[in-house]
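Shown next, in structure tokens, is the structure this report addresses.
2 protein chains.
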Amino acid sequence: MQGLTRKIVGDRWDSTFVARLRRYVEFSASDIEDLRDLLEGEQSVRKRRDVVVEGGSHAKLSFVKDGFAARYKVLRNGKRQIVNIIVPGDVVGLPGSFLDAASFSVVALTDMKLEVCALDDYVALCYRRPKFGLALSWLAVHEATTYAEHIVDIGRRTALERVAHFLLEIHARLAAVGRAAATAFDLPVSQEVMSDALGLSVPHINRMLAELRESGMIALAGRHVSFADLRRIQQLAHFEPARLTRIPTPSRPAAALVTKRAHAVDRHVGRA
Amino acid sequence: MQGLTRKIVGDRWDSTFVARLRRYVEFSASDIEDLRDLLEGEQSVRKRRDVVVEGGSHAKLSFVKDGFAARYKVLRNGKRQIVNIIVPGDVVGLPGSFLDAASFSVVALTDMKLEVCALDDYVALCYRRPKFGLALSWLAVHEATTYAEHIVDIGRRTALERVAHFLLEIHARLAAVGRAAATAFDLPVSQEVMSDALGLSVPHINRMLAELRESGMIALAGRHVSFADLRRIQQLAHFEPARLTRIPTPSRPAAALVTKRAHAVDRHVGRA
DNA sequence: CTGAATTATTGATGCAGATTAACAAAAAAG
DNA sequence: CTTTTTTGTTAATCTGCATCAATAATTCAG
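In order, the protein sequences belong to chains Y and Z. Quick note on numbering: the first sequence equals residues 5 to 276 in the numbering used here. Quick note on numbering: the second sequence equals residues 5 to 276 in the numbering used here.
Written out as structure tokens, the structure reads:
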């Protein structure tokens, strides 16, 4: 059952997603082999179509090889909130697989290429190679952190700061998987999408972009964004890149379990 | 190394947190034993103090036995955004353990009791019992989903809806761990905290609470909240409880890995 | 190449919610 | 019980951004 899969999958499938997983843990060649065997082949999704992630036992995990998507929710009043922009190297299907009702949907913002595997199979792999379970945890935590930053964005930043922060965040995420230059990138996203991601109206997004342009912080050529002065815009946006640690390797197999006394934490109050 | 730990920990430590983990996977008595052995003892944190989660290899996971906390970030302009309210049964230390710099902090909103274990030890346990790695993934995904809902809240709901949704969400989370009645609960949280969680000003929170009271949706007695008409307020808030699925058990040890053809997804567009 | 559909841009108007400032009511501290 | 600190409540004013509306510029489909 190996040869077949590998042939369909091709030889350099591992680029984006394995690179992503390797940010969290070290994987051996045989680990990667095992993962590769789970893949059911490449899927394409057209721009504007939903990326389907059936619930229950048919649930799938999809690794984004190429293209952009957005996870969103539509309220009864018709407003849409985009919760996350999905970029190459991301995994689609995590929340979807875990919740009965798909309370969130995912649309392709561009044509996409996905590598799909069944959640059940991935879980089985985790039992054989626990490393993958941990990698999944890290991935999920990383995603949660992205969401957390998004909350700060929407909750307490001004419109201008939000837009700036949004651009910087996407840039950083693309750069992390080698899809962006040092100070520029392509953002295949309309202003309407940005407005739904940032909780602003389209006209206002437009004005803020204009302001960033006029103040010389960014340059726009179609949907190519470049940062004129990275420092300055980072400062404006209160942006700080997330530096994540890797999963501790089990060097000491079942580490010394020293029992410690319970003690009160003694630190200062948490307000500024 | 067992007996000692167990004595300190006490006999019914498992109530809240194990109940929480059991929402995701089935655990045997011996699984629980192993987890228990990791615990370093109970910690107390006083109201208004930071819950410390050292980074790097000293990272700790803390299981909240009792009390409330808030994960937050303070911007340079002095504004604070609370990203998540932490309730009994939650785990503190996930993002903190994974990121180098503690970009978020956690304050105790009330006096708290925590059960602490070293992240390294938990990781080691995951290698021995992969189930725990998966449980951690589910926990993290669940948390991410909570965050996602919070983004929708702040991004696209009116102030009134936000406050209503906030109350309903906390209520649901408390009810899930047996800390709330069917239509009432205690919310040990000041209006300032609510304002920082919901991205609103304190006076406005106050008005919205008053409005909910006047319209007969809630009753407030000090910090005891009760819902007069659950349906109505749920409707107002666009609230739908999250129903999560459990981790598929590896019934078929290394499930049949059938290779499937790559095929394009064919569904309709994702807008309303 | 041409009309249709998105997407971007700009302006005028209104309102939701911020801000500021008191003051009342509770807790907490002493 | 008194003082201090924290929390809640209310009101007056101001503003950032939504909303609505119209037009230009693109992109897409045939």
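Glycine included, every Cβ here is placed at the ideal spot set by N, Cα and C.
1) Whole angstroms are fine: how far does the CA of Ala144 of chain Y sit from the CA of Thr249 of chain Y?
2) Could you tell me which chain Y residues have their CB closer than 8 Å to the CB of Arg166 of chain Z, listed as they occur along the chain?
3) Relative to the C-alpha of Glu244 of chain Y, which residue among Y:Glu153, Y:Arg27, Y:Glu196, Y:Arg52 is closest?
4) Grab the span of the beta strand (DSSP E) containing Leu224 of chain Z for me, first residue to last.
5) Can you tell which of Z:Gly226, Z:Ala223, Z:His62 has its C-alpha closest to the C-alpha of Ala122 of chain Z?
6) Leaving out five residues on either side along the sequence, give the residues of the same chain with a beta carbon under 6 Å from the beta carbon of Arg177 of chain Y.
7) Give the C-beta separation of Val120 of chain Y and Ser66 of chain Y to the nearest angstrom, bearing in mind that I take them to be a contact with Cβ-Cβ under 8 Å.
8) How far does the beta strand (DSSP E) with Ala246 of chain Y in it extend, from its first residue to its last?
9) To the nearest angstrom, how far is it from the Cα of Asp200 of chain Y to the Cα of Leu216 of chain Z?
10) Let me confirm a value: His308 of chain Y is counted as buried when at least 16 other C-beta atoms fall within 10 Å, else exposed. Which label applies?
11) Are the Cβ atoms of His175 of chain Y and Ala184 of chain Y separated by less than 8 Å?
12) Against Lys83 of chain Y, what residues of chain Z qualify as contacts under a CB-to-CB distance less than 7 Å, listed in chain order?
13) Would you report the Cα separation of Ser194 of chain Y and Gly159 of chain Y, rounded to the nearest angstrom?
14) Hey, Arg251 of chain Z and Tyr28 of chain Z are a contact pair by Cβ (cut 8 Å); roughly how many whole angstroms apart?
15) Should Pro207 of chain Y be labelled buried (16 or more other beta-carbon atoms within 10 Å of its own) or exposed?
16) Looking at the C-beta of Glu244 of chain Z, does it have a partner C-beta in chain Y at a distance below 8 Å?
17) Which bits of chain Z does Lys69 of chain Y rub up against, with CB to CB less than 8 Å?
18) Which same chain residues end up closer than 7 Å to Ala246 of chain Z when comparing Cβ atoms and leaving out the 5 residues on each side of it in sequence?
19) Among Y:Thr162, Y:Arg161, Y:Leu118, Y:Ser230, whose alpha-carbon lies nearest the alpha-carbon of Lys51 of chain Y?
20) In its own chain, which residues sit with a C-beta less than 8 Å from the C-beta of Leu240 of chain Y, not counting the 5 before and 5 after it?
21) Measuring CB to CB, does Gly137 of chain Y end up less than 8 Å from Pro99 of chain Z?
22) Under 8 Å between the Cβ atoms of Asp54 of chain Y and Met116 of chain Y?
23) Which chain Y residues sit within Cβ distance under 7 Å of Ser205 of chain Z?
24) What residues match up with Phe231 of chain Z in a beta bridge as DSSP calls it?
25) With a Cβ-Cβ cutoff of 8 Å, do Thr20 of chain Y and Gly93 of chain Y count as a contact?
26) How would you list, in chain order, the residues of chain Z whose beta-carbon sits under 8 Å from the beta-carbon of Gly93 of chain Y?
27) Can you list the beta strand (DSSP E) stretches of 3 or more residues lying completely in the region 20-73 of chain Z, in chain order?
28) In terms of alpha-carbon separation, which member of Y:Ser109, Y:Leu202, Y:Leu42, Y:Ala214 lies closest to Asp124 of chain Y?
29) Output yes if chain Z places a C-beta closer than 8 Å to the C-beta of Ile155 of chain Y; else output no.
30) By the three-class DSSP mapping on this structure, what secondary structure does Val197 of chain Y have?
31) Under 8 Å, Cβ to Cβ, is there at least one residue of chain Z near Phe108 of chain Y?
32) Taking only three categories from DSSP, how would you classify Lys135 of chain Z?
33) What is the rounded straight-line gap between the Cα of Leu129 of chain Y and the Cα of Asp38 of chain Y?
34) Between the region 182-196 of chain Y and chain Z, which residues of the former have a C-beta closer than 8 Å to a C-beta of the latter?
35) Would DSSP call Asp190 of chain Y helix, strand or coil?
36) Kindly say whether Gly97 of chain Y, judged by its beta-carbon, lies nearer than 8 Å to any beta-carbon of chain Z.
Quick answer:
1) 14 Å
2) Per Cβ cutoff of 8 Å: no residues; Arg166 of chain Z is ~10 Å from chain Y at best.
3) Y:Glu153
4) 222-225
5) Z:His62
6) Val91
7) 5 Å
8) From DSSP, Ala246 of chain Y is part of no beta strand (DSSP E); its letter is neither H nor E.
9) 28 Å
10) Since the first residue shown for chain Y is 5 and the last is 276, residue 308 of chain Y is missing from the structure and cannot be characterised.
11) yes
12) Arg160
13) 22 Å
14) First, the residue type needs correcting, since residue 251 of chain Z is Ile and not Arg in the sequence shown. Indeed, because the Cβ distance is near 6 Å, the residues count as touching under 8 Å.
15) exposed
16) yes
17) Simply none; closest approach about 12 Å.
18) Thr149
19) Y:Leu118
20) Leu164, Glu165, Ala168, Met221
21) no
22) no
23) Within chain Y, no residue comes near Ser205 of chain Z; the closest Cβ sits about 11 Å away, beyond 7 Å.
24) Z:Ile222
25) yes
26) Near Gly93 of chain Y there are no residues of chain Z at all, since even the closest Cβ is about 17 Å away, more than 8 Å.
27) 46-49, 64-70
28) Y:Leu42
29) yes
30) helix
31) yes
32) helix
33) 8 Å
34) none
35) strand
36) no
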